[in-house]
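Quick mapping for you: the protein sequence lines, in order, are chains A and B. Residue numbers 1 to 236, in full-length UniProt numbering, belong to the letters of the first sequence in order. Residue numbers 1 to 236, in full-length UniProt numbering, belong to the letters of the second sequence in order. This report concerns only the one structure given below.
Number of protein chains: 2
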Amino acid sequence: MPDAYYLQLTEQLRHLITQHAAQWEGKLPAERALAERFSTTRVTLRQALAQLEGEGLIHRSNRRGWFISPARLMYDPTRDAGFNDYVRAQGRQPRTAVLQLESRAHLPAARALNLPDDHVFHHIRRRRYVDDRAVLAESLWVVPERAPELLSIYASQSLWGLLRERWGHHLANRSISMVSEALSPGDAEELFVAPGTAGLNICRAIFDDQQRPIEYDEEHWLHDSLCIRVELSGQQ
Amino acid sequence: MPDAYYLQLTEQLRHLITQHAAQWEGKLPAERALAERFSTTRVTLRQALAQLEGEGLIHRSNRRGWFISPARLMYDPTRDAGFNDYVRAQGRQPRTAVLQLESRAHLPAARALNLPDDHVFHHIRRRRYVDDRAVLAESLWVVPERAPELLSIYASQSLWGLLRERWGHHLANRSISMVSEALSPGDAEELFVAPGTAGLNICRAIFDDQQRPIEYDEEHWLHDSLCIRVELSGQQ
DNA sequence: GCAAAATTCTGGTCTATACCAAACCGCTGG
DNA sequence: CCAGCGGTTTGGTATAGACCAGAATTTTGC
């Protein structure tokens, strides 16, 4: 069945990687070295590497090389535990970089929250890391009426914690959508990966217990960095 | 920014596709023809096509060519509406092919349902179509104690409908996981796509209202064929 | 007329090579 | 000891051509 040479190569690389993971310290040898070791060309080798990338076993940092991917982060988009909390709960190191703070209209947010198209939001753009790997670029669009001074007090703490503690909002209803995507050149650059890298786009519209719109959330994850996990009880 | 030629090509193809979608009847011209039209090689052209494939704009049927992808199917894995129902509700045509019916042990199912490793399940393997495109290969592992004669009466109706109507089971608790994947050679063949095609793997463990295990479900979707959508109310 | 066989088309795979720019590394000089 | 510079390595991109096997189409033969 796996007659194609690049598929055999994929298997050989898979074994090689699991065996030498420790001694290579997470980084694979250069493509030219691997191609020579297997007596093939870089083109074919890269086809095999792309397979393993699709499986999530390895990934690349733009122009820096191929790296062995760590275990996926478990993520439940229906809960509002903060990023820092659930990353730490899994024994990993979270980090956040705030890229932008501004007030601006945003059509998708307005549509999702049933507000006028030109409604102005507080916009927070940030990049999130797990163990020093940038895995998530996200934009938050907060309804200003619900959190007036947000932009002046926000640093990089938990947004949902702030909403709850400072403004007493109870996040109750949410609609979530998830689609696979190819990262846009912009998102790819923010995550230090090649343009078109596979990603997962998650969007959430959040309302409070009185059905008032609170916030809209656009997340762009590296496809291999997470495992969505949802636990539900009660009949649907 | 989009200095690379294949990225320019991607944009040109995108326009070409949206303009000529109708006259091409969903199928793109041959790779050699497109490469010549843009004065480049098949290798570079395929790089651009792969970009659009990653975005979900086009897809390929193994060795038959490139096709324009239809709109994604909306899918809520937390509901138990049958496949046929929600596909039709979106104005699409569902179809199911049953590939296998057997009794067998399955470790992942046993683990997910908290049963002994060697527990034997009713196993149903099927392929599902939307508008004559095979988009889903799935395996169902039903606990035989909950549905004894399942294998002899099952044709291709709704499994959850059967469980409810014939055996009076109320599906109540479920744990769901979703990860991006590269389709295994086996799954790829069943869906008539090239090995390693990007997919989405969804697994569900279902229990009834008394926390008894009912069924375990392994789904392999083509990544571009669906949009996950979840609506939740009540605080989490 | 229709089924079977031959041919053509087409995507899938592979080789060999080349150039560029970013990343990396080591040298050098302050 | 470190900052700056310059060469080297490496991944990203691209060309040109080739062969194979499965799919599609046409021709053939009954």
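Every residue, glycine too, gets a C-beta built ideally from N, C-alpha and C. What you are looking at is a predicted structure, and each value in this text was computed from that prediction instead of being measured.
Would a check of beta-carbon distances place residue i closer than 9 Å to chain A?
i, result
"residue 255 of chain B", "As displayed, chain B neither begins before 1 nor continues past 236, which places residue 255 of chain B out of reach and without an answer."
"residue 218 of chain B", "no"
"residue 157 of chain B", "no"
"residue 185 of chain B", "yes"
"residue 174 of chain B", "yes"
"residue 190 of chain B", "no"
"residue 82 of chain B", "no"
"residue 4 of chain B", "yes"
"residue 193 of chain B", "no"
"residue 43 of chain B", "yes"
Use the C-beta contact count for residue i: other C-beta atoms within 10 angstroms, 16 or more gives buried, fewer gives exposed.
i, result
"residue 37 of chain B", "exposed"
"residue 97 of chain B", "exposed"
"residue 116 of chain A", "exposed"
"residue 72 of chain B", "buried"
"residue 165 of chain A", "exposed"
"residue 230 of chain A", "buried"
"residue 99 of chain B", "exposed"
"residue 173 of chain B", "buried"
"residue 77 of chain A", "buried"
"residue 1 of chain B", "Legend: pLDDT at residue 1 of chain B = 38, less than 50; position of this residue unreliable, value from coordinates given subsequently. Result: exposed."
"residue 33 of chain A", "exposed"
"residue 102 of chain B", "exposed"
"residue 218 of chain B", "buried"
Does residue i have its Cβ less than 9 Å from a Cβ in chain B?
i, result
"residue 228 of chain A", "yes"
"residue 196 of chain A", "yes"
"residue 7 of chain A", "yes"
"residue 1 of chain A", "Model confidence at residue 1 of chain A stands at a pLDDT of 39, short of 50, so the residue's coordinates are unreliable; what they give is reported in the following sentence. It does: the Cβ of residue 1 of chain A has a partner Cβ on chain B nearer than 9 Å."
"residue 35 of chain A", "no"
"residue 162 of chain A", "no"
At 7 Å on the CB atoms, spell out the chain A contacts of residue i, in chain order.
i, result
"residue 114 of chain B", "What residue 114 of chain B touches in chain A: nothing, since even the nearest Cβ is about 14 Å away."
"residue 18 of chain B", "Simply none; closest approach about 17 Å."
"residue 223 of chain B", "180"
"residue 12 of chain B", "Neighbours of residue 12 of chain B on chain A: none; closest Cβ ~16 Å, over 7 Å."
"residue 51 of chain B", "182, 196"
Hey, quick one: how far does the beta strand (DSSP E) through residue i stretch, first residue to last?
i, result
"residue 126 of chain A", "120-130"
"residue 149 of chain B", "Note, residue 149 of chain B: premise wrong, no beta strand (DSSP E); not H, not E."
"residue 11 of chain A", "Where residue 11 of chain A is concerned, there is no enclosing beta strand (DSSP E), although the alpha helix (DSSP H) it sits in stretches over 5-24."
"residue 194 of chain A", "Here residue 194 of chain A belongs to no beta strand (DSSP E), and DSSP marks it neither H nor E."
"residue 161 of chain A", "Here residue 161 of chain A belongs to no beta strand (DSSP E); instead the alpha helix (DSSP H) covers 159-167."
"residue 60 of chain B", "58-61"
"residue 67 of chain A", "65-68"
What does residue i reach in chain A if we use C-beta pairs closer than 8 Å?
i, result
"residue 61 of chain B", "By Cβ distance, chain A contributes nothing, its closest Cβ being about 18 Å from residue 61 of chain B, past 8 Å."
"residue 200 of chain B", "180"
"residue 25 of chain B", "None at all; the shortest Cβ gap to chain A is about 25 Å."
"residue 90 of chain B", "Correct list: empty, because the minimum Cβ distance to chain A is about 15 Å."
What does residue i pair with, by DSSP beta-bridge criteria?
i, result
"residue 94 of chain B", "B:130"
"residue 213 of chain A", "A:207"
"residue 75 of chain B", "B:228"
"residue 176 of chain B", "A:230, B:204"
"residue 105 of chain A", "A:120"
"residue 142 of chain B", "B:122, B:215"
"residue 182 of chain A", "A:198"
"residue 220 of chain A", "A:137, A:201"
"residue 171 of chain B", "B:208"
Cβ closer than 9 Å: which chain B residues qualify as neighbours of residue i?
i, result
"residue 177 of chain A", "74, 227, 228, 229, 230"
List the residues of chain B that residue i touches, going by C-beta distances under 7 Å, in chain order.
i, result
"residue 15 of chain A", "Correct list: empty, because the minimum Cβ distance to chain B is about 17 Å."
"residue 55 of chain A", "181, 182"
Quick one: give me the first and last residue of the alpha helix (DSSP H) that residue i is part of.
i, result
"residue 87 of chain A", "83-89"
"residue 54 of chain A", "42-55"
"residue 155 of chain A", "From DSSP, residue 155 of chain A is part of no alpha helix (DSSP H); its letter is neither H nor E."
"residue 34 of chain B", "31-37"
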